[in-house]
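Q:
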Amino acid sequence: MTVDLTLIRRYLDELQVPTLLDDDGDLVVTQSADSDFEHKVLIFITVNNGRLTYSAGAPDYVPEGDLLFLANRHNLRSIMPMAVVRNNAIRMEYTFVLDEEVSESYIKNNCIVMILSAIWHAFLNLEREI
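For the sequence shown, my numbering gives the first residue as 536, with consecutive numbering after it.
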């Protein structure tokens, strides 16, 4: 099975995760703000040469404190997703290399559900001293 954007979108549809296509043809998942984290999170998903990549930001979220410190502290606590500072904002990124045959269940559970949850929790806990 070849992993491409069409397959990932089909799996997201099956998991009842709404998606849009942006102007570049990337998938976009919006995680809505709630009482735990009052900022929406936009997750951009690309597939290129066997790499399934997530890049997420919370456009109206301005964390208090030094962004590099917050990103580094997050990265010491968690390997997924990786926090980076781009354009003076925190982004969460992660890439799965899917160059060998993997099951549908693996992709859905590990490469979609787990990372979407991890991205949300990364933003939620970024400023918390845990």
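Glycine included, every Cβ here is placed at the ideal spot set by N, Cα and C.
Only counting the same chain, and skipping five residues up and downstream in sequence, which positions put a Cβ closer than 7 Å to that of residue 634?
A: 585
Q: With a CB to CB cut of under 7 Å and the five nearest residues on each side skipped, what residues in its chain are close to residue 493?
A: There is simply no residue 493 to check, as the chain begins at 536 and stops at 665 in what is shown.
Q: According to DSSP, simplified to helix, strand and coil, what is residue 567?
A: coil
Q: Are the region 574-582 and the region 594-608 in contact at 8 Å, needing three or more beta carbon pairs?
A: Contact holds: three or more Cβ-Cβ distances are below 8 Å.
Q: Which value, in whole angstroms, describes the spacing of the CA atoms of residue 664 and residue 605?
A: One C-alpha to the other measures close to 10 Å.
Q: Determine which residues share a DSSP beta bridge with residue 633 and list them.
A: Paired residue(s): none; residue 633 is not in a bridge.
Q: Applying the criterion that 16 or more other CB atoms from any shown protein chain within 10 Å of the CB defines a buried residue, is residue 590 buried or exposed?
A: buried
Q: What is the DSSP secondary structure of residue 607, counted as helix, strand or coil?
A: helix
Q: Check whether the region 539-549 touches the region 605-619, taking contact to mean three or more Cβ pairs, one atom from each stretch, closer than 8 Å.
A: no
Q: According to the neighbour-count rule (16 or more other Cβ atoms, all chains shown, within 10 Å of its Cβ), is residue 553 buried or exposed?
A: exposed
Q: Starting from the C-beta of residue 599, find all residues in its chain whose C-beta is less than 8 Å away, skip the five residues before and the five after it, and write them out in chain order.
A: 662
Q: Would you check if the distance between the CB atom of residue 543 and the CB atom of residue 580 is smaller than 8 Å?
A: Judged by their CB atoms, residue 543 and residue 580 are nearer to each other than the 8 Å cut-off.
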